[in-house]
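This report concerns only the one structure given below.
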Amino acid sequence: MLNNHILPELGSLPLAEISVSHMTRFFSKMREEYSTKYVINLYGLLNVMFEVARQHDLIEVIPLRREIHRPQHQAKKKPALSACQIRQIIEAVEAGYKPLFLTVAITGLRLGEVLALCWRDVDVDRGKLSVRHNLWRQKLVSPKTEASNRELHLPRVLAEVLRAHKQQSRWASDADFIFARMDGMPYDPDSLRRSVLYPALDACKIERSNREHGFHIFRLHTLQNILSVYRFYV
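Residue numbering for the sequence shown follows the numbering used here, beginning at 1054 and increasing consecutively.
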């Protein structure tokens, strides 16, 4: 948590200058990509760190506010898209983004995990997909837990979509990212949300809020919905 999130985001700021606003922006980003439990743990770690700093007279006030920075435990129904809406969005985005959107929808992986995939992580002939990394601030980091490092079944239709995507990509070596920009680097998650996902939602007249509608709403959870999206590509 310290090396992957806290230091990259806050490490350049003098300790005494870290404000409530800084922490609000930090936790907004964390909520977008990580589970409530994980963000609560981040909050707890930061609270301890700031308390130690306060006791040593390094800061006067702890810049955390429990009511706005610490997520609540109670389950909150997250926005989700129907299979029909997902098909509409896949139709709306440019051709180069369709394999990415389909991969997020069908595998249920986090966006950072999908963007971290390299061609060596996919075996389209055996129908296997290995999750080894997560993308954070354009850097590959280890998955959050040991269980996050896993091998998934790659459905036939998605395997064929990725096979065709590889044939059309200029970045097709084992070490290359599957979903790469023109320069070979992985897409930035925030840029994808702002420049691709949100315009597609708007074009399909699907209501959204910038805070709640990230790529997590794109995951499918039932066999019926998955098959429905498959038919879109068959």
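We treat Cβ as the ideally placed atom computed from N, Cα and C, and that holds for glycine. Nothing here was measured: the structure is a model prediction, and the numbers come from that model.
Checking the DSSP bridge columns, you'll see Asn1187 partnered with Val1194. Remark: C-beta atoms of Pro1061 and Thr1089 do not approach each other more closely than 7 Å.
Under the three-state reduction of DSSP output, Phe1230 falls in the strand class.
Tyr1096 has its alpha-carbon roughly 10 Å from the corresponding atom of Met1102.
C-alpha of Tyr1240 to C-alpha of Phe1268: approximately 13 Å in a straight line.
Closest in alpha carbon position to Arg1118, among Phe1154, Met1076, Ala1106, is Met1076. Distance from Asn1057 to Val1194 at the Cβ level is roughly 5 Å; contact confirmed, criterion being Cβ atoms closer than 8 Å.
Here DSSP, grouped into helix, strand and coil, assigns Arg1209 to helix. A Cβ-Cβ separation of about 6 Å places Ile1143 in contact with Leu1155 under the 8 Å criterion. Using a 10 angstroms sphere on the CB of Leu1111, the tally of other CB atoms stays under 16, which defines it as exposed.
About 25 Å separates the Cβ atoms of Val1175 and Leu1134, ruling out a contact at the 8 Å cut-off.
In chain order, Ala1145 place their CB closer than 6 Å to the CB of Ala1256, counting only its own chain and leaving out the 5 sequence neighbours on each side. Boundaries of the alpha helix (DSSP H) around Asp1243: 1242-1245. Bounds of the alpha helix (DSSP H) holding Gln1141 are 1136-1145. Within the DSSP secondary-structure output, Cys1171 pairs in a beta bridge with Phe1230. One Cα belongs to Asp1227, the other to Glu1147, and the distance between them is close to 25 Å. Measuring C-alpha to C-alpha distances from Leu1164 to each of Glu1260, Tyr1087, Glu1070, Trp1224 identifies Tyr1087 as the nearest.
Annotation: the continuous alpha helix (DSSP H) that includes Lys1151 extends over 1151-1160. If you draw a straight line from the Cα of Gly1237 to the Cα of Ala1253, it is about 24 Å long.
Counting along the chain, Asn1100 sits inside the alpha helix (DSSP H) bounded by residues 1089-1108. For His1122, the enclosing alpha helix (DSSP H) covers residues 1119-1122. Under the three-state reduction of DSSP, Pro1061 is assigned to helix. Going by DSSP, Met1238 is part of no alpha helix (DSSP H) at all; its letter is neither H nor E.
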